[in-house]
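Numbering (UniProt numbering), first residue to last: 1 to 386.
The structure appears below as structure tokens.
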């Protein structure tokens with residue numbers, strides 16, 4: 001087991017929560033030599049999207065990624081390249097259940113760690129090939145697990161389920177309205193799911209697939225079922241990779257990051273922009289200084305946002321804008337999708353005349369032409385503010 005570098009999250013949840021992401025599958029149904037969790041979508045491995053979904057939730061204290069032994073180094077490089085925090089890599093077992101069990105053991109058995117991680121009250125289990133999980137459904141499942149001992153997301157069945165007889169003919173079908181598809185995420189009180197795995201038979205560990213069933217079978221815990229959203233689907237076949245790429249592109253086009261300087265007037269305008277935009281698109285507002293190489297700002301770059309609005313009141317802000325472009329390039333963000341960078345200059349001087357001058361305007365135009373070759377589109381806006 002190898003912990004990643006970096007600090008722990010700043011969230012302080014009342015209930016300690018951790019996440020276990022099984023990522024040890026071989027991807028046989030996908031085809032090809034690369035397991036699906038390591039397939040690139042928009043230049044980024046699928047597992048990295050799932051890790052990031054958990055990582056962005058401050059109240060999740062630890063993220064355990066369970067991979068097959070031969071892919072440990074690959075996962076280490078992904079954690080390092082994309083700057084993932086709070087991540088611990090664990091070697092998986094020969095089956096899904098054995099891998100999840102190994103992931104749970106890092107909180108309870110020294111055999112799997114030089115030091116035990118803090119045991120959570122609630123543990124989330126989520127597939128590494130389900131990249132589109134949102135905090136809302138995770139929160140609902142965790143709260144339900146805290147109350148009922150176990151909980152899991154479900155979705156309506158799309159097709160009717162039938163059973164065939166020994167001769168290959170129809171035996172019977174299930175009434176679709178009565179059944180649901182079990183999805184991820186699922187969550188459990190740690191002591192319940194860990195006890196269930198400890199009592200498991202080898203048959204369950206080798207052939208079982210449903211964690212909620214283990215909690216019911218061995219701990220008599222009836223899981224609360226939580227209606228999930230349509231984006232909880234699992235990447236299984238090659239066509240799913242193309243669908244995932246399309247969704248990611250669509251999400252990127254609907255997100256914008258508003259970056260404002262630390263000065264009061266600039267921060268106020270940044271807040272007003274945030275408030276006016278958030279009803280139409282997903283907005284993240286960051287109070288940061290580009291000149292100080294802010295770490296919070298760096299964490300936004302790796303594939304999380306392709307649209308930026310930068311608000312400043314400096315006469316010569318082109319240097320800071322160049323810093324932003326440099327940070328984008330160093331983040332290894334695949335610029336296959338155009339980055340839109342809108343520079344908002346806030347003129348708070350007494351003189352209401354245009355303060356840039358032709359020389360500065362020419363510099364901005366030249367800069368915009370240069371970065372356009374890198375698939376970055378730069379626009380400028382002057383706001384006279386009193």
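Backbone N, C-alpha and C define an ideal beta-carbon position, used for all residues, glycine too.
Suppose you measure from the CA of residue i to the CA of residue j; what does that come to, to the nearest Å?
| i | j | result |
| --- | --- | --- |
| residue 268 | residue 278 | 15 Å |
| residue 41 | residue 129 | 11 Å |
| residue 39 | residue 362 | 43 Å |
| residue 65 | residue 35 | 15 Å |
| residue 208 | residue 248 | 32 Å |
| residue 103 | residue 123 | 10 Å |
| residue 22 | residue 326 | 35 Å |
| residue 98 | residue 172 | 33 Å |
| residue 109 | residue 92 | 15 Å |
| residue 368 | residue 194 | 56 Å |
| residue 70 | residue 82 | 20 Å |
| residue 231 | residue 56 | 18 Å |
| residue 276 | residue 258 | 12 Å |
| residue 374 | residue 135 | 33 Å |
| residue 179 | residue 157 | 7 Å |
| residue 175 | residue 164 | 15 Å |
| residue 388 | residue 127 | Within the shown structure, residues of the chain are numbered from 1 to 386, placing residue 388 beyond reach of any answer. |
| residue 271 | residue 311 | 10 Å |
| residue 379 | residue 51 | 33 Å |
| residue 150 | residue 238 | 32 Å |
Would you kindly check if the distance between the Cβ of residue j and the Cβ of residue i is under 8 Å?
| i | j | result |
| --- | --- | --- |
| residue 346 | residue 309 | no |
| residue 153 | residue 226 | yes |
| residue 214 | residue 187 | no |
| residue 49 | residue 120 | no |
| residue 307 | residue 256 | yes |
| residue 68 | residue 24 | yes |
| residue 133 | residue 244 | no |
| residue 117 | residue 88 | yes |
| residue 100 | residue 86 | no |
| residue 260 | residue 146 | no |
| residue 17 | residue 59 | yes |
For residue i, write down the residues that DSSP places opposite it in a beta bridge.
| i | result |
| --- | --- |
| residue 173 | 162 |
| residue 307 | 340 |
| residue 45 | 40 |
| residue 62 | 18 |
| residue 377 | 340 |
| residue 224 | 151 |
| residue 181 | 155 |
| residue 67 | 91 |
| residue 187 | 124 and 151 |
Following the continuous alpha helix (DSSP H) through residue i, name the residue where it begins and the one where it ends.
| i | result |
| --- | --- |
| residue 323 | 318–330 |
| residue 199 | 190–199 |
| residue 74 | 72–81 |
| residue 217 | 211–219 |
| residue 207 | 202–207 |
Got a sec: is the Cβ-Cβ distance from residue i to anything in chain B below 8 Å?
| i | result |
| --- | --- |
| residue 145 | Judged by its chain identifiers, the structure shown contains no chain B, having just a single protein chain. |
Are the stretch 134–143 and the stretch 225–239 touching by the rule of at least three beta carbon pairs closer than 8 Å?
The stretch 134–143 and the stretch 225–239 touch, with no fewer than 3 CB-CB distances between them shorter than 8 Å.
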